[in-house]
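K.L.:
I'd like to ask you about the structure that follows.
Residue numbers (the UniProt record's numbering): 1 to 240.
Okay, structure coming up:
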């Protein structure tokens, strides 16, 4: 009778690199400390360069806007519809000023400011007076009763109120300075505000006729300026 042959109970297989389909190597993204530091420095440097370039673009845009404003562009070469004397932007600005009450509304608001300022100042003065009165009372009672007076010191209890009072006092001082600045700008631009407040039709009648002088809307210099302004707007849009 022949001997029973050997049967392979288990088959030797090479060890796979990964035992599951969703295996994640925890050490795959690990890099030396020097590499990590270099990457961080690179990111900082790159961000610094980007910020500098963006700052240069903003400064260039501001300079461009100031130059255009000094040349009254693009308003000076704005096209007007047939039979229209006002450029669209000027008509829109005049309509917006009229809608908000015009110069009369501004004057009314400016006249109300002193009264509002006085009222706010009186309220703040009264709050500070009451805080001081409470602090004086606390000091007097503390001196009178000595160690028997276990109440929390007034300075601690009213610290938030004192800070808010100082903050609002600063706000009032800033508002007074701002009111003076606004009043100065209003006085300096009063004539223009009066013209805008009369509405687009009245404003158009106060302007010289386009045919009374200067280059016509279809002249080569005006056409060239309009094309340049389109390029300027495209550049500004790309920068944004």
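Heads up, the beta-carbon is just placed ideally off N, CA and C, and yes, glycines get one too. Quick caveat: nothing in here was measured; it's all calculated off a predicted structure.
1. Between the C-alpha atoms of residue 11 and residue 2, what's the straight-line distance to the nearest angstrom?
2. Using a 10 Å radius around the Cβ and a threshold of 16 neighbouring Cβ atoms, would you call residue 77 buried or exposed?
3. With residue 226 as the anchor, note down where its alpha helix (DSSP H) starts and where it stops.
4. Below 8 Å on the Cβ atoms is my contact criterion, and I expect residue 86 with residue 194 to pass it. Report the Cβ-Cβ distance as a whole number of Å.
5. Would DSSP call residue 61 helix, strand or coil?
6. In angstroms with no decimal places, state the Cα-to-Cα distance between residue 105 and residue 232.
7. Does the pairing of the segment 164-176 with the segment 114-129 give three or more beta-carbon distances under 8 Å?
8. Within this structure, are the beta carbons of residue 97 and residue 196 separated by less than 8 Å?
9. Contact between the segment 47-56 and the segment 156-170 is defined here as three or more beta-carbon pairs at a separation below 8 Å; is this criterion met?
10. Going along the chain, which unbroken runs of the alpha helix (DSSP H) with 4 or more residues stay wholly within the segment 26-75?
11. On the three-state DSSP scale, how would you describe residue 202?
12. Buried or exposed: which applies to residue 46, given that a residue is buried once 16 or more other Cβ atoms fall within 10 Å of its Cβ?
13. Have a look at residue 192 and residue 198 and give me their C-alpha separation to the nearest angstrom.
14. Quick check: the Cα distance between residue 13 and residue 51, rounded to an integer number of angstroms?
15. Taking the alpha carbon of residue 200 as the reference point, which residue from 99, 64, 24 and 69 has its own alpha carbon closest?
16. From residue 63 to residue 134, what does the alpha carbon distance come to, in whole angstroms?
17. For residue 234 and residue 70, I'd like the C-alpha separation in whole angstroms.
18. Please tell me whether residue 203 and residue 94 are closer than 8 Å, where the distance is taken between their beta carbons.
19. Mark residue 158 as exposed unless 16 or more other C-beta atoms lie within 10 angstroms of its C-beta, in which case mark it buried.
20. Under DSSP, the alpha helix (DSSP H) around residue 102 begins and ends at which residues?
21. Return the CA-CA distance between residue 42 and residue 15, expressed in angstroms with no decimal places.
P.N.:
Walking through what the data contain:
1. By 1-based counting over the chain shown, the position of residue 11 is 11. By 1-based counting over the chain shown, the position of residue 2 is 2. Taking the straight line from one Cα to the other gives about 25 Å.
2. Walking along the chain shown from the start, residue 77 turns up at place 77. Under this definition residue 77 is a buried residue.
3. Working through the chain shown from its first residue, we reach residue 226 at position 226. Element bounds for residue 226: 220-239.
4. Residue numbering aside, residue 86 sits at position 86 when the chain shown is read from its first letter. Residue numbering aside, residue 194 sits at position 194 when the chain shown is read from its first letter. Not quite, the Cβ-Cβ distance comes to about 16 Å (not below 8 Å), so this is no contact.
5. Here residue 61 refers to the residue found at position 61 when the chain shown is read from its first residue. Note: residue 61 maps to helix in three-state DSSP.
6. Here the question's residue 105 lines up with position 105 in the chain shown. Here the question's residue 232 lines up with position 232 in the chain shown. Each residue's alpha carbon lies about 36 Å from the other.
7. yes
8. Within the chain shown, residue 97 is the residue found at index 97, counting from 1. Within the chain shown, residue 196 is the residue found at index 196, counting from 1. Closer than 8 Å, so yes.
9. No, they do not touch.
10. 33-70
11. On the chain shown, residue 202 is found 202 positions in, with the first residue counted as 1. Residue 202: helix per DSSP, three-state reduction.
12. For the purposes of this step, residue 46 is taken as the residue at position 46 of the chain shown. With fewer than 16 other Cβ atoms within 10 Å, it is exposed.
13. Here residue 192 is taken as the residue at index 192 of the chain shown, counted from 1. Here residue 198 is taken as the residue at index 198 of the chain shown, counted from 1. If you take the alpha carbons of residue 192 and residue 198, they lie about 10 Å apart.
14. The residue given as residue 13 occupies position 13 in the chain shown. The residue given as residue 51 occupies position 51 in the chain shown. Going by the C-alpha atoms only, they are around 57 Å apart.
15. Against the chain shown, residue 200 aligns to sequence position 200. Nearest option by C-alpha distance: 99.
16. Indexing the chain shown from 1 puts residue 63 at position 63. Indexing the chain shown from 1 puts residue 134 at position 134. Spanning the two alpha carbons is a distance of roughly 56 Å.
17. The residue labelled residue 234 in the question sits at position 234 within the chain shown. The residue labelled residue 70 in the question sits at position 70 within the chain shown. Residue 234 and residue 70: Cα-Cα distance of roughly 20 Å.
18. Looking up residue 203 in the chain shown gives position 203. Looking up residue 94 in the chain shown gives position 94. The answer is yes: Cβ separation under 8 Å.
19. In the chain shown, counting from the first residue as 1, residue 158 sits at position 158. The residue in question, residue 158, is buried, as its Cβ has 16 or more Cβ neighbours within 10 Å.
20. The residue given as residue 102 occupies position 102 in the chain shown. Here the alpha helix (DSSP H) through residue 102 covers 102-145.
21. Position 42 of the chain shown holds residue 42. Position 15 of the chain shown holds residue 15. In a straight line, the C-alpha of residue 42 is about 40 Å away from that of residue 15.
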